[in-house]
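Asks: Residue numbers (full-length UniProt numbering): 1 to 718.
Note that CB positions come from ideal geometry on N, CA and C, so glycine has one too.
Just so we're clear, the structure is a prediction, and the values are computed from it rather than from any experiment.
Here you go, one structure.
The following block contains the structure:
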């Protein structure tokens, strides 16, 4: 605590040394106590001739275990309470067999202070199901302990940790092209091969933890140790993860420890019967309720809460072989105000004050220590919009320990531009600053849009750009309108620029890579419980058997995402051009608008751009958004070598061009982007082949998305 590593990295943190010392001491003390933790919770598998079940419920006056195994009569299965408020019972085997059959229903019955008996799903239940034939039926806990012949056996090891994660964010339930809930096995067999073919190296699974309300997108968790039963069993999820590993894909879980569903019947909130905060999973009063999310807030200072949440992380890592986590709602955890109505300016006092929830910070430090202790190569990502310093530094330095932070300001910037600015008002400097505004030595995952922008009430980038014209103007059988021309060009540029300049990793939500039409709307009363917009229309990209490879393959070949070399040499406001180097590549993005009303005239819209560069030599196109195979106009030659010329005096930046000692010239049409590499390197176009590129858009027939056989598709490739 006297030599805090993070203070040597950022000396501006020195005034907050006492804050760091305090939270580090809290962390060290808690970790020391947790090292002696032995007693487990929940329904245990096979303990010395029987089943032992334990439940922390200090407010209960009496307790029983009930279920199919005893005809829901708990009179013969009463539980005993210890001094810590933990109820327990041991149920001996019967004739050598488990007294509680595998896949049978169970619940925890207890009586609270007013004499009322209530039935609740065990907090540590491994599986929970609901009767699909009954509307709004309550969930039942299920004892899951399959015989060896039915247990899934993992066959493949964890894939190596990539230099830079290229993440495909996916929701299993809505991954079918049909209007229904898809299964883990269907996703494994049908969707995982698509993801691998498109050169992603990581899958991030949403909505894995059981949640009784499907439309919550999985963020109102009711059963923290249970796999969402809508898509299958725990063994089915294991099959999915093992299949991903066989393809070289790592799998991250979207874990929700920032809050819990307020559902009393099915969830953890059902254990709340008016007790004090120290006898509860949650804070009492306003502190225990998130008013925007309508959910409960954990009491991270409580010993049993720490035991519950840390064990939960270990469960998913060891039982299901996940490769890491994306922690949801971290901003809400870090501050007592939960980030509500808070515009973070970067002032350090905003991060280290009485507003900081040190209990939650210490929990996150413990969580990251545990995760990396169990799986040293784990990838752990924080969903945080505040940019708290140290969030992405190791716990050993006094940081919170995450590997990456989601760069959440980037999609907000793009949406602001698309909603509020015309093309002439776009600022190259502001865009560049937004993409590069991240802390030194703390890595970020960039993204132009995620599931947040795809849900009903919001719009994807494709819809912001083209809106209703996507329903009539995407067919190759007709000339593209100016709106479509502009839309598909900017869609490519926005995503590619975000990937190339915005972080040390990249994320895309399922379907956004090809501009999936419309929005995500889960079945609910307001839409007649329809699944029509809660699916992914893969037919839109299967028509010509194209794939979405090019951006990811560029990083696969040149590893620019993991490179520490990132130099923005020009942000020209008049020309609307951004030029930068990342790794061994030079990128040029020309955001100047184009005129396409009466045919496409490219001669006067094209101009030569003089680029500053670090290394002498010759360059050639590696990836070009205007290539014909990408749905462009083919104005840039791919077989042309661009030779560099010396600029000024070596080592004297003020005599160089844009502070770079060499320069070369290329052609840069309006609303296009290009990356240039050493001419001796093979271009991405040559690696992938012209038949295997991404397309954006859909075929629309009379206001509806047509079947794959009814139209050709407009090809637009990133």
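Within this structure, are the beta carbons of residue 143 and residue 233 separated by less than 8 Å?
Replies: Your numbering for residue 143 matches position 143 in the chain shown. Your numbering for residue 233 matches position 233 in the chain shown. No.
Asks: Whole angstroms are fine: how far does the CA of residue 168 sit from the CA of residue 517?
Replies: If you number the chain shown from 1, residue 517 lands on position 517. If you number the chain shown from 1, residue 168 lands on position 168. So the alpha carbons of these two residues sit roughly 18 Å apart.
Asks: Nearest-angstrom Cα distance between residue 269 and residue 302?
Replies: Here the question's residue 269 lines up with position 269 in the chain shown. Here the question's residue 302 lines up with position 302 in the chain shown. If I take the Cα positions, the gap works out to 16 Å.
Asks: Cα separation between residue 545 and residue 186?
Replies: On the chain shown, residue 545 is found 545 positions in, with the first residue counted as 1. On the chain shown, residue 186 is found 186 positions in, with the first residue counted as 1. Any answer about residue 545 is weak, because its pLDDT of 32 lies below 50 and its placement is not dependable; what the coordinates show is given next. If I take the Cα positions, the gap works out to 20 Å.
Asks: Please list the terminal residues of the continuous beta strand (DSSP E) segment that includes residue 92.
Replies: Residue 92 sits at position 92 when you count from the first residue of the chain shown. Run containing residue 92: 86-92, per the beta strand (DSSP E) assignment.
Asks: From this set, 62, 25 and 89, which residue's C-alpha is nearest residue 52's C-alpha?
Replies: In the chain shown, residue 52 corresponds to position 52, counting from 1. Considering only alpha carbons, the answer is 89.
Asks: Checking the sheet assignment: what are the DSSP bridge partners for residue 260?
Replies: Here residue 260 is taken as the residue at index 260 of the chain shown, counted from 1. Bridge partners of residue 260: 296.
Asks: Which same chain residues, not among the five before or five after residue 607, have their C-beta less than 6 Å away from its C-beta?
Replies: Position 607 of the chain shown, counted from the first residue, corresponds to residue 607. Low confidence applies here, because residue 607 scores a pLDDT of 37, under 50, leaving its location unreliable; read the following figure in that light. Cβ neighbours of residue 607 beyond the five flanking positions: none.
Asks: Measuring only the C-alpha atoms, how far is residue 73 from residue 256?
Replies: Walking along the chain shown from the start, residue 73 turns up at place 73. Walking along the chain shown from the start, residue 256 turns up at place 256. Residue 73 and residue 256: Cα-Cα distance of roughly 34 Å.
Asks: Can you tell me which of 164, 130, 523 and 83 puts its alpha carbon nearest to the alpha carbon of residue 507?
Replies: In the chain shown, residue 507 corresponds to position 507, counting from 1. For the residues 164, 130, 523 and 83, the minimum Cα distance to residue 507 belongs to 164.
Asks: Between the stretch 175-184 and the stretch 526-534, do three or more beta carbon pairs fall short of 8 Å?
Replies: Contact between the stretch 175-184 and the stretch 526-534 is present: 3 or more CB-CB pairs across the two stretches fall below 8 Å.
Asks: Out of curiosity, what's the CA-to-CA distance linking residue 482 and residue 496?
Replies: Position 482 of the chain shown holds residue 482. Position 496 of the chain shown holds residue 496. Rounded to whole angstroms, the separation of the alpha carbons of residue 496 and residue 482 is 21 Å.
Asks: With distances taken from CA atoms, which of 392, 512, 522 and 499 is nearest residue 675?
Replies: Here residue 675 refers to the residue found at position 675 when the chain shown is read from its first residue. When only C-alpha atoms are compared, the closest one is 499.
Asks: Out of 224, 236, 252 and 472, which has the shortest C-alpha to C-alpha gap to residue 206?
Replies: Within the chain shown, residue 206 is the residue found at index 206, counting from 1. Checking every option, the nearest Cα to that of residue 206 belongs to 252.
Asks: Measure the alpha-carbon distance for residue 409 versus residue 458 and round it to whole angstroms.
Replies: For this step, residue 409 is matched to residue 409 along the chain shown. For this step, residue 458 is matched to residue 458 along the chain shown. Each residue's alpha carbon lies about 16 Å from the other.
Asks: Looking only at C-alpha atoms, which of 339, 33, 24 and 427 sits nearest to residue 385?
Replies: As a working note, residue 385 is residue 385 in the chain shown. For residue 385, the nearest C-alpha among the options comes from 339.
Asks: Relative to the alpha-carbon of residue 83, which residue among 629, 527 and 279 has its alpha-carbon at the smallest distance?
Replies: For the purposes of this step, residue 83 is identified with residue 83 of the chain shown, where counting begins at 1. Closest option to residue 83, Cα to Cα, is 279.
Asks: For my contact list, residue 33 and residue 17 are in at a C-beta cut-off of 8 Å; report their separation, rounded to the angstrom.
Replies: Position 33 of the chain shown, counted from the first residue, corresponds to residue 33. Position 17 of the chain shown, counted from the first residue, corresponds to residue 17. Residue 33 to residue 17, Cβ: 25 Å. No contact.
Asks: When you compare the CB of residue 526 with every CB in chain C, is at least one pair closer than 8 Å?
Replies: Structure shown: chain C not included; a single protein chain is present.
Asks: Note the first and the last residue of the continuous alpha helix (DSSP H) segment covering residue 433.
Replies: Here residue 433 refers to the residue found at position 433 when the chain shown is read from its first residue. Annotation: the continuous alpha helix (DSSP H) that includes residue 433 extends over 428-436.
Asks: I'd like the ranges of any beta strand (DSSP E) spanning at least 3 consecutive residues and lying wholly in the stretch 352-437.
Replies: 379-382 and 404-406
Asks: Answer with buried or exposed for residue 71, where buried requires no fewer than 16 other C-beta atoms within 10 angstroms of its C-beta.
Replies: Along the chain shown, one-based indexing puts residue 71 at 71. It is exposed - the Cβ of residue 71 has fewer than 16 other Cβ atoms within 10 Å.
Asks: Starting from the C-beta of residue 591, find all residues in its chain whose C-beta is less than 6 Å away, skip the five residues before and the five after it, and write them out in chain order.
Replies: As a working note, residue 591 is residue 591 in the chain shown. Excluding residues within five positions, the ones whose Cβ falls inside 6 Å are 426 and 576.
Asks: Have a look at the DSSP bridge pairing and note the partners of residue 444.
Replies: Here residue 444 corresponds to residue number 444 of the chain shown, with the count starting at 1. Under DSSP, the beta-bridge partners assigned to residue 444 are 405.
Asks: Write down the C-beta distance between residue 412 and residue 378 rounded to the nearest angstrom, noting that I regard them as a contact closer than 8 Å.
Replies: Position 412 of the chain shown, counted from the first residue, corresponds to residue 412. Position 378 of the chain shown, counted from the first residue, corresponds to residue 378. Rounded, the Cβ-Cβ distance is 28 Å, inconsistent with contact.
Asks: Only counting the same chain, and skipping five residues up and downstream in sequence, which positions put a Cβ closer than 6 Å to that of residue 219?
Replies: Start at 1 with the first residue of the chain shown, and residue 219 comes out as number 219. Leaving aside the five residues that flank residue 219 on each side, the residues in its chain whose CB is nearer than 6 Å to its CB run, in chain order, 256.
Asks: Count the other CB atoms within 10 Å of the CB of residue 361; is the residue buried (16 or more) or exposed (fewer)?
Replies: Looking up residue 361 in the chain shown gives position 361. Flag for residue 361 reads buried.
Asks: Output needed for residue 617: all residues of its chain with C-beta closer than 7 Å, excluding positions within five of it in sequence on either side, in chain order.
Replies: Taking the first residue of the chain shown as 1, we reach residue 617 at position 617. So the qualifying residues of the chain are 644 and 678.
Asks: Could you check whether the stretch 199-214 touches the stretch 280-294, counting it as contact only if at least three pairs of C-beta atoms, one from each stretch, sit closer than 8 Å?
Replies: no
Asks: Residue 117 bridges to which residues according to DSSP?
Replies: Start at 1 with the first residue of the chain shown, and residue 117 comes out as number 117. 111, per the DSSP bridge assignment.
Asks: Compare the Cα-Cα distances from residue 196 to each of 488, 246 and 216 and report the closest residue.
Replies: Against the chain shown, residue 196 aligns to sequence position 196. Closest option to residue 196, Cα to Cα, is 246.
Asks: I need the straight-line Cα distance from residue 123 to residue 99, nearest angstrom please.
Replies: Position 123 of the chain shown, counted from the first residue, corresponds to residue 123. Position 99 of the chain shown, counted from the first residue, corresponds to residue 99. Residue 123 and residue 99: Cα-Cα distance of roughly 20 Å.
Asks: Given a cut-off of 8 Å on the beta-carbon distance, is the pair residue 435 and residue 346 in contact?
Replies: Mapped onto the chain shown, residue 435 falls at position 435. Mapped onto the chain shown, residue 346 falls at position 346. Taking C-beta atoms as the reference points, residue 435 and residue 346 fail to come closer than 8 Å.
Asks: Among all the DSSP beta bridges, which residues are the ones paired with residue 455?
Replies: Within the chain shown, residue 455 is the residue found at index 455, counting from 1. BP columns for residue 455 point to 520.
Asks: Apart from the five residues just before and just after residue 214, which ones in its own chain have a Cβ nearer than 6 Å to its Cβ?
Replies: Along the chain shown, read from residue 1 onward, the residue named residue 214 stands at position 214. The answer, listed in chain order, is 522.
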